[in-house]
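Number of protein chains: 2
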Amino acid sequence: MSNDTSNGSGSAGRTASREIRLASRPSGWPTAENFELAEVEPPAPADGQVLVRNLYMSVDPYMRGRMNDTESYTPPFELGKPLEGGAVGEIVESRAPGLAAGDLVLHGYGWREYAVVDAGQVRKVEEIPGVPLSAYLGVLGMPGLTAYVGLLDIAAFKAGDAVFVSGAAGAVGSLVGQIARLKGASRVVGSAGSQEKISYLTGKLGFDAAFNYKTAPVRKQLAQVAPDGIDVYFDNVGGDHLEAALDAFKHYGRVAMCGAISVYNAAEPVPGPSNLFLAVGKRLTLRGFIVGDHFDRMPDMVAEVGTWLRDGEITFEETVVDGLENAPRAFIDMLRGANTGKMVVRLVH
Amino acid sequence: MSNDTSNGSGSAGRTASREIRLASRPSGWPTAENFELAEVEPPAPADGQVLVRNLYMSVDPYMRGRMNDTESYTPPFELGKPLEGGAVGEIVESRAPGLAAGDLVLHGYGWREYAVVDAGQVRKVEEIPGVPLSAYLGVLGMPGLTAYVGLLDIAAFKAGDAVFVSGAAGAVGSLVGQIARLKGASRVVGSAGSQEKISYLTGKLGFDAAFNYKTAPVRKQLAQVAPDGIDVYFDNVGGDHLEAALDAFKHYGRVAMCGAISVYNAAEPVPGPSNLFLAVGKRLTLRGFIVGDHFDRMPDMVAEVGTWLRDGEITFEETVVDGLENAPRAFIDMLRGANTGKMVVRLVH
Chain W
1 MSNDTSNGSG
11 SAGRTASREI
21 RLASRPSGWP
31 TAENFELAEV
41 EPPAPADGQV
51 LVRNLYMSVD
61 PYMRGRMNDT
71 ESYTPPFELG
81 KPLEGGAVGE
91 IVESRAPGLA
101 AGDLVLHGYG
111 WREYAVVDAG
121 QVRKVEEIPG
131 VPLSAYLGVL
141 GMPGLTAYVG
151 LLDIAAFKAG
161 DAVFVSGAAG
171 AVGSLVGQIA
181 RLKGASRVVG
191 SAGSQEKISY
201 LTGKLGFDAA
211 FNYKTAPVRK
221 QLAQVAPDGI
231 DVYFDNVGGD
241 HLEAALDAFK
251 HYGRVAMCGA
261 ISVYNAAEPV
271 PGPSNLFLAV
281 GKRLTLRGFI
291 VGDHFDRMPD
301 MVAEVGTWLR
311 DGEITFEETV
321 VDGLENAPRA
331 FIDMLRGANT
341 GKMVVRLVH
Chain R
1 MSNDTSNGSG
11 SAGRTASREI
21 RLASRPSGWP
31 TAENFELAEV
41 EPPAPADGQV
51 LVRNLYMSVD
61 PYMRGRMNDT
71 ESYTPPFELG
81 KPLEGGAVGE
91 IVESRAPGLA
101 AGDLVLHGYG
111 WREYAVVDAG
121 QVRKVEEIPG
131 VPLSAYLGVL
141 GMPGLTAYVG
151 LLDIAAFKAG
161 DAVFVSGAAG
171 AVGSLVGQIA
181 RLKGASRVVG
191 SAGSQEKISY
201 LTGKLGFDAA
211 FNYKTAPVRK
221 QLAQVAPDGI
231 DVYFDNVGGD
241 HLEAALDAFK
251 HYGRVAMCGA
261 ISVYNAAEPV
271 PGPSNLFLAV
281 GKRLTLRGFI
291 VGDHFDRMPD
301 MVAEVGTWLR
311 DGEITFEETV
321 VDGLENAPRA
331 FIDMLRGANT
341 GKMVVRLVH
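In order, the protein sequence lines correspond to chains W and R. For the first sequence, the residue numbers in full-length UniProt numbering are 1 to 349. For the second sequence, the residue numbers in full-length UniProt numbering are 1 to 349.
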C-alpha cells in the first residue's frame with residue numbers, strides 16, 4: 001500500500017525499519033502479548049526533519065503508565081502505533097539546517113530502528129571518550145536530569161547539607177548520592193533493598209552509610225546512620241521512608257518528592273506519614289516534581305555531569321540488552337527489578 | 001526589699017505596676033491556679049531603654065506551649081516570673097534616642113501593666129483613625145503577619161489563584177481569605193466549625209463559599225465549593241482538610257502549613273494524608289513555617305493591610321476583656337474557643 005519506494009526522495013542509507021507497537025493494553029503486569037514487532041518502510045524526512053538510525057533506546061518505569069488508557073502527566077500510548085521513549089542515534093539524512101548526516105542525537109522516538117524527527121525535537125550530543133553513548137539515556141539523560149534537578153533545584157541542596165536518598169541503588173538514586181557528594185554534602189546516606197546494593201553504595205559509590213530497609217524499621221535505621229539529622233531527603237519511595245525522614249529532619253529541611261513506589265501497587269489507600277505536622281515547627285518544604293518540566297536544565301546537567309564522567313569522578317552501571325525484538329522483554333525484566341543500574345536496549349552492534 | 005523608690009532616677013509617671021506570673025505548670029487544660037497576680041515597682045529604664053505603659057495585651061494559643069517545661073520553637077515561661085507576649089502601649093519615659101514619651105509602641109512584654117524594654121525590641125506604631133490600637137495585636141500584628149507571609153511568601157499566591165483556607169473564621173484564617181480576595185484571587189473558599197461562622201465568612205468577609213466541616217466529609221464539601229480545583233491551601237488544621245486539599249489541587253498547587261490543630265491534642269498518632277503521593281504528579285509544594293522567622297516582612301504587611309483598614313476594605317473582629325487581673329481567664333476562654341476573632345485584654349480604659 002505504501003508508495004514510499006516509488007516516490008523515494010533519494011534518501012541515502014534508508015532501509016527497512018522495524019518497530020514495536022502496542023498490541024493490547026495490559027491489566028496488571030505486561031506480557032509479551034501486549035507488544036507486536038512490525039516491519040515498515042521508514043518515511044522520508046520532510047523539510048525541517050531528520051532521519052535517525054537509533055543506536056540505543058531506553059526502557060523506563062513510567063512507560064508502564066503510558067500503556068494504560070488513562071491520561072496522566074504523559075499521554076497514553078496508542079493501540080497499533082509504535083511506543084515512544086528516549087533514544088540516541090545517528091542522523092543518516094538531514095533536511096534541517098544545522099544538522100548533518102553523522103551527527104549523534106538524543107530524541108523521544110525509541111522503540112523503532114529508524115525515526116523521522118523534527119529538528120526541534122532532537123538534541124545533538126557528543127561522544128565522551130570511555131563512556132558509551134547509552135549514557136545519554138541514563139546518567140546524561142532523563143534519570144540524570146531527574147537526580148540533578150531534584151537535588152539541586154527542587155530540594156535546593158547546598159554544600160554542607162546532610163542528604164538521605166531512598167531507592168539509592170537505582171538509576172536516579174545512585175546519581176543523587178554521587179552529585180551530593182561531589183557538591184560538598186556533609187554526609188550522604190541511602191537505603192536499598194539488598195545487602196549487595198548496600199555494599200555497592202558504601203563501596204563503589206562513596207556513600208557515607210547505607211541500610212537495607214527490609215531488615216529493620218526505617219525510622220530506627222535512619223536515626224542510626226544520620227544521628228545528627230538530615231537537611232535534604234530525595235524521596236523515591238514514600239511511605240515509611242518519608243515518615244522516617246520527617247523525624248530526622250533538621251530545621252528548614254527539604255524533600256524532593258520524585259516517586260512513591262510504596263503506594264503504586266497498593267490495592268488499599270496507604271496512610272500518609274503520621275508526623276507530617278512536624279513540617280510546621282521544623283519549617284520543612286516538601287515539593288513534588290516531574291522531570292519533564294525541567295528540560296531547560298539539561299545543558300547544565302550534561303555539562304556538569306559530563307565533566308565528572310570524563311574525570312572518572314562519577315560511576316554508573318547499566319544492563320544492556322541487544323536487539324529491538326528483545327525490547328519488550330527488557331522492559332518487563334526492568335519492571336521486575338532484574339537490571340543493575342539503567343536498563344537499555346542496543347539496536348546496532 | 002526593693003530600693004527602687006530610694007534610688008529612683010526621677011522617672012516621670014511611674015507608679016506601682018501589676019504583673020501576671022506563672023505560678024505552676026498546667027497538665028492538660030490550664031486553670032486560674034497556674035497564674036498569680038503580683039504588684040511590683042516598675043524598674044527604671046537604663047540607657048537605651050524605655051518604660052512603656054501597656055494599653056492592650058494579647059492572649060494567643062502558642063502561649064499554652066510555653067507554659068510547659070519543654071523547649072519548642074519558643075522557650076518556656078519561667079516559674080515565678082511574669083509571662084510574655086505581644087502588647088501595645090505608650091512610652092512614659094525614654095532613655096533611648098528616637099523614642100519619646102507619648103510614642104505608641106508594640107513589643108513582647110505583655111502580661112504586665114508597665115514594661116521596661118530595650119529600644120531595639122520596640123516597634124513604633126501609629127494610630128489609624130477608626131481602628132483600635134489593639135489591631136496591632138491582631139490584624140496588624142502576629143496573626144496579620146502570619147496570614148500575609150503564609151499566603152504571599154510561603155504559598156506564593158498570585159492573582160488568579162483559587163484559594164482554600166481552613167479555620168477560616170479565626171484570627172489568621174479570616175485575614176488569609178480577605179487578603180486573597182483583595183489581591184485578585186479567582187475564588188476564595190473556607191471551612192469553619194459552625195453555621196454562624198459560615199454565614200460570617202460568606203457575608204461580612206466576602207468569601208465566595210464556605211462549609212461547616214462538622215456536617216459532611218471535607219473532601220466532598222471542598223469538591224462542591226471548588227469544583228474547578230484550588231491553587232493554594234492555607235492549612236490551619238491538618239488531617240482530613242489537608243487530604244481534601246491534595247485531592248482538589250490543580251497542578252503546581254501550594255500549601256502553606258501553618259498549624260495542625262487536628263493533631264495537637266491527639267493521644268495517638270494521627271495517620272497522615274493517604275494521597276500525599278499526588279504531590280509528585282501534580283507538582284505540589286507543601287511548606288511549613290513559623291511567623292517568627294519573618295519579622296522582616298512586618299513593615300510591608302502593616303503598610304498594605306493598614307491601607308486596606310483605612311479604606312474600610314478589610315474587616316476584623318475582636319473580643320476585648322478588661323483588666324490585667326482577668327487576663328488568665330481571657331487566655332483560658334480563648335483556648336476553649338469562647339472568643340469571636342482575636343482575643344485581647346485591655347489594661348487601661
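Think of the CB as a built atom: it goes at the ideal place given N, C-alpha and C, for glycine as much as any other residue. Since we're looking at a predicted model, the values are computed, not measured.
Residues in the same chain with beta-carbon distance under 7 Å from residue 265 of chain W, minus the five sequence neighbours each way, listed in chain order, please. Note that residue 265 of chain W scores a pLDDT of 46, beneath 50, so its modelled location is shaky; the value from the coordinates is reported in the next line. Residues of the same chain with a CB within less than 7 Å of the CB of residue 265 of chain W, apart from the 5 flanking positions on each side, do not exist.
Within its chain, find whatever has a CB closer than 6 Å to the CB of residue 232 of chain W; leave out the 5 residues flanking it on each side and keep chain order. Cβ neighbours of residue 232 of chain W beyond the five flanking positions: 155, 157, 161, 163, 254.
Terminal residues of the continuous alpha helix (DSSP H) containing residue 300 of chain R? Looking at the DSSP string, the run of the alpha helix (DSSP H) that includes residue 300 of chain R is 298–310.
Taking DSSP as the reference, what is the three-state secondary structure of residue 162 of chain R? Strand.
Measure the alpha-carbon distance for residue 331 of chain R versus residue 170 of chain R and round it to whole angstroms. The C-alpha of residue 331 of chain R lies about 15 Å from the C-alpha of residue 170 of chain R.
Write down the C-beta distance between residue 112 of chain R and residue 41 of chain R rounded to the nearest angstrom, noting that I regard them as a contact closer than 8 Å. At roughly 12 Å, the Cβ-Cβ gap does not stay under 8 Å, so residue 112 of chain R and residue 41 of chain R are not in contact.
Identify, in the order they occur along the chain, each residue of the same chain with its Cβ nearer than 6 Å to the Cβ of residue 207 of chain R, setting aside the five sequence neighbours on each side. A distance below 6 Å between beta-carbons, with the five flanking residues on each side excluded, links residue 207 of chain R to the following residues of its chain, in chain order: 177, 188, 190, 201.
Do residue 147 of chain R and residue 172 of chain R come within 8 Å of each other at the CB atom, strictly closer than that value? Against a cut-off of 8 Å, the Cβ pair of residue 147 of chain R and residue 172 of chain R comes out as a contact.
List the DSSP bridge partners of residue 49 of chain W. Note: residue 49 of chain W sits in a beta bridge opposite W:118.
Examine chain R for any beta-carbon lying closer than 8 Å to the beta-carbon of residue 332 of chain W, and answer yes or no. False, the Cβ-Cβ gap to chain R never drops below 8 Å.
So, at 6 Å on beta carbons, what are the nonlocal neighbours of residue 345 of chain W in its own chain, with the 5 sequence-adjacent residues on each side left out? Cβ within range, chain order: 57, 321, 327, 330.
What alpha helix (DSSP H) runs, 4 residues minimum, are completely inside the stretch 116–155 of chain R? With a minimum length of 4 residues, the continuous alpha helix (DSSP H) runs that stay inside the stretch 116–155 of chain R are 142–149.
Bounding residues of the beta strand (DSSP E) (the contiguous stretch that carries residue 274 of chain W): For residue 274 of chain W, there is no enclosing beta strand (DSSP E), since its DSSP letter is neither H nor E.
According to DSSP, which residues form a beta bridge with residue 68 of chain W? According to DSSP, which records beta bridges pairwise, residue 68 of chain W is partnered with nothing at all.
When R:140, R:33, R:117 are compared against residue 303 of chain R, the one with the closest alpha-carbon: Of the candidates R:140, R:33, R:117, the one whose C-alpha sits nearest the C-alpha of residue 303 of chain R is R:140.
Check for me: the beta strand (DSSP E) holding residue 252 of chain W runs from which residue to which? Note, residue 252 of chain W: beta strand (DSSP E), 249–257.
Spatial neighbours of residue 338 of chain R within its chain, please: CB distance less than 8 Å, with the 5 preceding and 5 following residues excluded, ordered by chain position. Excluding positions up to five away in sequence, the list reads 319.
Once you ignore the five residues that flank residue 222 of chain R on each side, which residues in its own chain have a CB closer than 6 Å to its CB? Here residue 222 of chain R has 244, 248 as same chain residues with Cβ atoms under 6 Å from its own Cβ, once five neighbours each way along the sequence are excluded.
For the structure I just gave you, are there three or more beta carbon pairs, one from the stretch 277–286 of chain W and one from the stretch 283–290 of chain R, closer than 8 Å? Here the stretch 277–286 of chain W lies against the stretch 283–290 of chain R, with 3 or more beta-carbon pairs under 8 Å apart.
Taking 6 Å as the limit between beta carbons, can you name the residues of its chain near residue 252 of chain W, skipping five residues before and five after? Excluding positions up to five away in sequence, the list reads 283.
Which first and last residues belong to the beta strand (DSSP E) in which residue 174 of chain R is found? Run containing residue 174 of chain R: none in the beta strand (DSSP E); it sits in the alpha helix (DSSP H), 173–182.
At a CB-CB cut-off below 7 Å, which residues of chain R make contact with residue 279 of chain W? Going along chain R in sequence order, the residues near residue 279 of chain W (Cβ under 7 Å) are 257, 286, 288.
Among R:144, R:306, R:55, R:168, which residue has its Cα nearest to the Cα of residue 115 of chain R? R:55 is the residue among R:144, R:306, R:55, R:168 whose C-alpha sits nearest the C-alpha of residue 115 of chain R.
So with Cβ pairs under 8 Å, would you call residue 139 of chain R a contact of chain W? Chain W contact via Cβ: absent.
At a CB distance below 7 Å, what residues from the stretch 124–152 of chain R approach chain B? Give them in sequence order. In the structure shown, chain B does not exist; the protein chains are W and R.
Check whether chain R comes within 8 Å of residue 50 of chain W, counting only Cβ atoms and requiring the distance to be less than that. Chain R contact via Cβ: absent.
DSSP-derived helix/strand/coil call for residue 199 of chain W: Per DSSP, reduced to three states, the secondary structure at residue 199 of chain W is helical.
According to DSSP, simplified to helix, strand and coil, what is residue 314 of chain W? If DSSP states are grouped into helix, strand and coil, residue 314 of chain W belongs with coil.
Can you tell me which residues form a DSSP beta bridge with residue 107 of chain W? Answer is W:87.
Distance cutoff 8 Å, beta carbons only. Does residue 293 of chain R sit that close to anything in chain W? For residue 293 of chain R, the answer is yes, since a Cβ of chain W falls inside 8 Å of its Cβ.
Decide if the stretch 19–28 of chain W is in contact with the stretch 81–99 of chain W; the criterion is three or more beta carbon pairs, one per stretch, under 8 Å apart. In short, these stretches touch, since the Cβ pair count reaches three.
Would you verify that the beta carbon of residue 237 of chain R is, or is not, closer than 8 Å to some beta carbon of chain W? So no, residue 237 of chain R is outside the interface.
Flag residue 224 of chain R as yes if its beta-carbon sits less than 8 Å from any beta-carbon of chain W, otherwise no. By the rule that beta-carbons nearer than 8 Å mark a contact, residue 224 of chain R does not touch chain W.
Apply the 10 Å Cβ neighbour rule to residue 349 of chain R and answer buried if 16 or more other Cβ atoms are within range, or exposed otherwise. Residue 349 of chain R is exposed by the Cβ-count criterion.
So, using beta-carbon positions, are residue 122 of chain W and residue 99 of chain W closer together than 8 Å? Yes. Within cutoff.
For residue 287 of chain R, three-class secondary structure by DSSP: Here DSSP, grouped into helix, strand and coil, assigns residue 287 of chain R to strand.
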